[in-house]
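Trainee: Okay, handing you the structure first.
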Amino acid sequence: MKLLVRWGLTLGLTGSVMFAGILGINNLQALALPQEQIVKTLREVPIFTLTNPKGEFIVISTKNQSKTISQIGFFISKKDAQTFLENRLKKENSQLASTIRIKPVSLADYYKLVVENNKKKDSNLVFTLVPTQQQVNLATTMLNTTGKTDKKFEGIPLFVPKFKQGSSYLTIPIPQKNERVIPFYFEKEQAVALLEAFKKAKPQEAANTEIQVLDLYNVIETLNSSNDPNTNKIFLFPSQESIEFIRSLVPAQPKK
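Its first residue numbered 295, the sequence shown is counted upward by one per residue in the numbering used here.
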């Protein structure tokens, strides 16, 4: 059984809205910790969900044939979470929506919730991770380099600069970690910027580089099953929007 549920269900635009008190944000510390290396890799990436003031998740319940599916939405982009709140929830119940907050959590927290939920045999709860549509479109374009338009990227795209020959990946230094890592980007633009800088530094290698698009879920499954020590070098870089959000949380240094 796969650890993560793919984004096969669109976050419901019709259905009832309720709160889930069973696994709120404040309960995360009590959950059993899954594989340490996976959590370490995922915890640097913020994602965004909707909660009430108590920290309870917003649940969207919809009918799927004869079964009721309850979804808790998480968003790669804070702007997408805000759009969902404005366009979906406020139109349905503005009074309720006025109490809802956008709550940042780490991708590792999302992973832990999914792992715990998968232990329940008959759970009808789905933790839905919503990708940024622009990046999905870019990933789809990359898949259709032959001109065909019938293949759509499914999942959460990650963009990885690599060498064409040997299937080796570009590495970059992380000063605070005193090591080199393999960057996996949530935005294609970030991967392009790294390749451009590399080509300027080593123009003779320019023709031997490319960007590979991978699915986040497949990457996590690889981390879960592979014994390759190079998987420990994978570093997930948040989107530029998320980087700016992280910076906004750092208190301003007083002027001397």
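Every residue gets a Cβ at the ideal spot worked out from N, C-alpha and C, and that includes glycine.
All figures in this text were calculated on a predicted structure; none of them were measured in a lab.
If I'm right that L432 touches I396 with Cβ under 8 Å, what's the distance once you round it to whole angstroms?
Mentor: Locating residue 432 in the sequence shown gives position 138, counting from the first residue. Locating residue 396 in the sequence shown gives position 102, counting from the first residue. Contact doesn't hold; Cβ gap of about 25 Å is too wide.
Trainee: Looking at the unbroken beta strand (DSSP E) that takes in L508, where does it start and where does it end?
Mentor: For the purposes of this step, residue 508 is taken as residue 214 along the sequence shown, with counting starting at 1. Start and end: 503–509.
Trainee: For P532, which of helix, strand or coil comes out of DSSP?
Mentor: One-based indexing of the sequence shown puts residue 532 at position 238. Coil at P532, not helix or strand.
Trainee: May I ask you to verify whether the region 333–340 touches the region 526–546, counting CB pairs closer than 8 Å and requiring at least 3?
Mentor: They touch, by the three-pair rule.
Trainee: For the region 463–475 and the region 410–429, state whether three or more C-beta atom pairs, one from each stretch, are separated by less than 8 Å.
Mentor: Judged by Cβ distances under 8 Å, the region 463–475 makes no contact with the region 410–429, as fewer than three pairs qualify.
Trainee: Which class does Q365 belong to by DSSP, given the choice of helix, strand or coil?
Mentor: As a position in the sequence shown, residue 365 is number 71, starting the count at 1. The answer is strand: DSSP assigns Q365 an E or B state.
Trainee: If you draw a straight line from the alpha carbon of I366 to that of K385, how long is it in whole angstroms?
Mentor: Here residue 366 refers to the residue found at position 72 of the sequence shown. Here residue 385 refers to the residue found at position 91 of the sequence shown. Approximately 19 Å, taken between the alpha carbons.
Trainee: Within 10 Å of its beta-carbon, does V544 have 16 or more other beta-carbons around it, so buried, or fewer, so exposed?
Mentor: What you label residue 544 is simply residue 250 of the sequence shown in a count that begins at 1. Exposed, because fewer than 16 other Cβ atoms sit within 10 Å of the Cβ of V544.
Trainee: In chain order, what residues of the same chain have a beta carbon less than 7 Å from the beta carbon of V430, not counting five sequence neighbours either side?
Mentor: As a working mapping, residue 430 is identified with position 136 in the sequence shown. Around V430: F447, P451.
Trainee: Taking buried to mean at least 16 other C-beta atoms within 10 Å of its own C-beta, is P455 buried or exposed?
Mentor: Position 161 of the sequence shown holds residue 455. Counting Cβ neighbours within 10 Å, P455 comes out buried, since at least 16 surround it.
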